[in-house]
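To start, the structure under review is shown below, and the notes come after it.
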Amino acid sequence: MRGIFTIYQKEMEDHFSSTRFLLITALIVMVGVIIASMVGMSMQEELRGMAKPDFIFLLLFTSTGKLFSFIQFIGFFGPLIGIILGFDAVNRERTGRTLSKLASQPIYRDAIINGKFLAGMTMIAIVMVSLVLIISGLGIRLIGVVPGAEELGRLLIYLVLSILYISFWLGAAILFSVVFRSTATSALASLAVWIGLSFFIGLGGSLLADAIAPMQQTADMAQAQDSFVKNAEVQRAASLLSPATLYGDATSTILDPLRKTPRSFVLMGPMERISLSRFQNPLPLIQSVVIVAPFLISLVAITFACFGICYAVFMRQEIRST
Amino acid sequence: MEKETVIRMEELTKRYGAQTAVNRLSLEVLEGEIFGFLGPNGAGKTTTMLMLLGLTEPTSGTVRVCGYDPARDPLKVKELIGYLPENVGFYEDMDARQNLRYIARLNRIPDKVSAGRIDRLLEEVELAKEADKRVGSYSKGMRQRLGIAEVLIKEPKVVFLDEPTIGLDPDGTNRMLDLIQGLSRERRMTIFFSSHLLDQVQRLSDRIGIMIKGKLVAVGTLDDLAQRGLGLEEGEAYTLEEIYMKYFKEG
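Each protein sequence line maps, in turn, to chains A and B. Each residue of the first sequence is one higher than the last, beginning at 1 in this note's numbering. Each residue of the second sequence is one higher than the last, beginning at 1 in this note's numbering.
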């Protein structure tokens, strides 16, 4: 563990004094203010003269206003923050010829990676917490509703999830910065993986589903239905490979208590339909957490997997100054 | 008094694919010695140093630095040694003091202790006046001297210097060589340095090793090398260049 704190300290100093941090701060303020005012104002209009719905405060984060909601925005562009903070973590030291000096000090090599990761994670936490605070603050002023204890709890869980999710991308970016010697290459590789896993995996999933379990057009209703369900299941399984899906599913149930399943596709027979319309009550917080737990664990697991590869590569790497 | 062996290599070999960078190198360096490692570019000098530091693993053979195996006990070795890589880099946005303090902290030297040491070292490497400037604005010679200060901050027993004078002007080279000589005389440090420049090796070293194409072709004091290599008697005039060229042609 020795050396981690020293490296963490220095990385934090670097982050705070870098132009990158200035840009990120500008981004936070801009996004926070825009989303809060956009959503707040449209909520004001929509809710005029209506009874106050449950969990109105959480709507600040989940309702789309005119363009997009906060959780959509973070789900989409959050990974970019992680990538920006991590893509040149190790190879910047390599091109600056400081890595061989650093590696010849009496610290374990993993301390270098861990220190950098923790510093990045702290930055992510700062970004996320300030965004949520800006939106809450402006939102309270705009819609005039104070959050209840359960809403605060849900927001807190959402924050933890988001920080973990963005940290996964930070870890992936650090991994690429170990593997590739040039910072441009590692940035591009991180972006490629982000785009691939976030946007194209759905396409790949549906192709895979059509190949494995094609939908059948037959007169037999039961058989057609069966094949339809199988197809959807394969697609769903494939999409779980994407951290974006894991994160999206987890956050949608935690911030929207009326949703009882992360799935967008639910096979409904008459019984399910009746029960859904009967029980329109929100899920208790603990039940939402139960639904979220597996996604949370998967997110942590893939982050650790990323680290495992990172260590394995970095420990055996030869460190030359030229 | 018997001097301790500080560095010991036995049959040390490093291969990259089909290419052999270091070929069955056996060598001992004694305490307090200045050992000059001479050879043309690409002879395997840097690779040897990386193996001594545990920054790369040998393909076969054994290494001991101060009695420890750098691949097994990297931390023990790294506590005892200082390494100045070829063309060392610094954190350009920090000043000399901050750079030195960072290295001191990584060596778990408390800031109170390091503050005094940093001032003394900056004085010694003649950077006291420029200590508060960004390292990014330093000249090549200043950077190299700051590198020496970084090596010394942890007060190592053994110092590895990889091409310490490369790219320096004559004045810079002179100051650097004086500095290195001072380390050995005043602090009794063991110094293992590599260079492809004959006159420098000749000026500094107690003993010299000549490495060509991954093989250590000769080791000894300058006189030893002259007698064995050129077959000269004691007292006859010779230069290291003659010896070196002879081995170089054979290699």
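Glycine is no exception: its CB is placed at the ideal position from the N, C-alpha and C atoms.
Relative to K230(A), the option among G148(A), G137(A), A209(A) whose CA is nearest is A209(A). By the beta-carbon neighbour count (other beta carbons within 10 angstroms, threshold 16), S194(B) is buried. Each of H15(A), K10(A), Y108(A), V129(A) was checked against the Cα of I28(A), and the nearest Cα belongs to V129(A). By alpha-carbon distance to A71(B), the top candidate from D132(B), E123(B), L50(B) is L50(B). Residue D162(B) holds the alpha-carbon nearest to the alpha-carbon of P85(B) among P110(B), R101(B), D162(B), L100(B).
Residue burial is scored here from C-beta neighbours: M315(A) has fewer than 16 other C-beta atoms within 10 angstroms and is therefore classed as exposed. When only Cα atoms are considered, L299(A) and K116(A) end up about 20 Å apart. Neighbourhood of E4(B) in chain A, by CB distance below 8 Å: empty, with the nearest CB roughly 21 Å away. Two segments are said to touch when three or more pairs of C-beta atoms, one from each, lie closer than 8 Å; by this definition the stretch 193-212 of chain B touches the stretch 34-43 of chain B. Comparing alpha carbon positions, the residue from A218(B), S26(B), D111(B), T46(B) closest to R64(B) is S26(B). Spanning the alpha carbons of Q19(B) and A192(A) requires a straight line of approximately 35 Å. Collapsing the DSSP output to three states places N41(B) in coil. In the structure shown, D111(B) adopts helical secondary structure according to DSSP, grouped into three states. Taking a 10 Å sphere around the C-beta of Y16(B), we find fewer than 16 other C-beta atoms and assign the residue as exposed. Against chain B, the CB of K116(A) has no partner CB under 9 Å away; the residue lies outside that interface.
V201(B) and T239(B) have their C-alpha atoms spaced approximately 12 Å apart. For D206(B), there is no enclosing beta strand (DSSP E), as DSSP marks it with neither H nor E. The three-state secondary structure of Q19(B), taken from DSSP, is strand. Flagged as an interface residue toward chain A: N107(B), by a C-beta distance shorter than 9 Å. Residue contact with chain A for Y83(B): present (Cβ-Cβ distance below 9 Å to some residue of chain A). The DSSP-derived three-state label of R181(A) is coil. Counting only unbroken stretches of 4 or more residues, the alpha helix (DSSP H) elements lying wholly within the stretch 103-161 of chain B are 111-124, 140-152, in sequence order.
Not a single C-beta of chain A is nearer than 9 Å to the C-beta of E155(B). Under the Cβ criterion of 9 Å, G120(A) is not counted among the residues facing chain B. Taking a beta-carbon distance threshold of 9 Å, K10(A) counts as an interface residue toward chain B.
Bridge pairing for A187(A): absent [DSSP]. At least one C-beta of chain B is nearer than 9 Å to the C-beta of S104(A). Chain A places no beta carbon closer than 9 Å to that of L121(B), leaving this residue out of the contacts. Residue L246(A) holds the alpha-carbon nearest to the alpha-carbon of I297(A) among L67(A), L85(A), L246(A), Q216(A).
Only residues of its own chain outside the window of five on either side were considered, and among them M38 have a CB closer than 8 Å to the CB of L67(A), listed in chain order. With respect to Y247(B), V219(B) sits apart: the two C-beta atoms are not nearer than 9 Å.
Counting along the chain, V146(A) sits inside no alpha helix (DSSP H), nor does DSSP assign it H or E at all.
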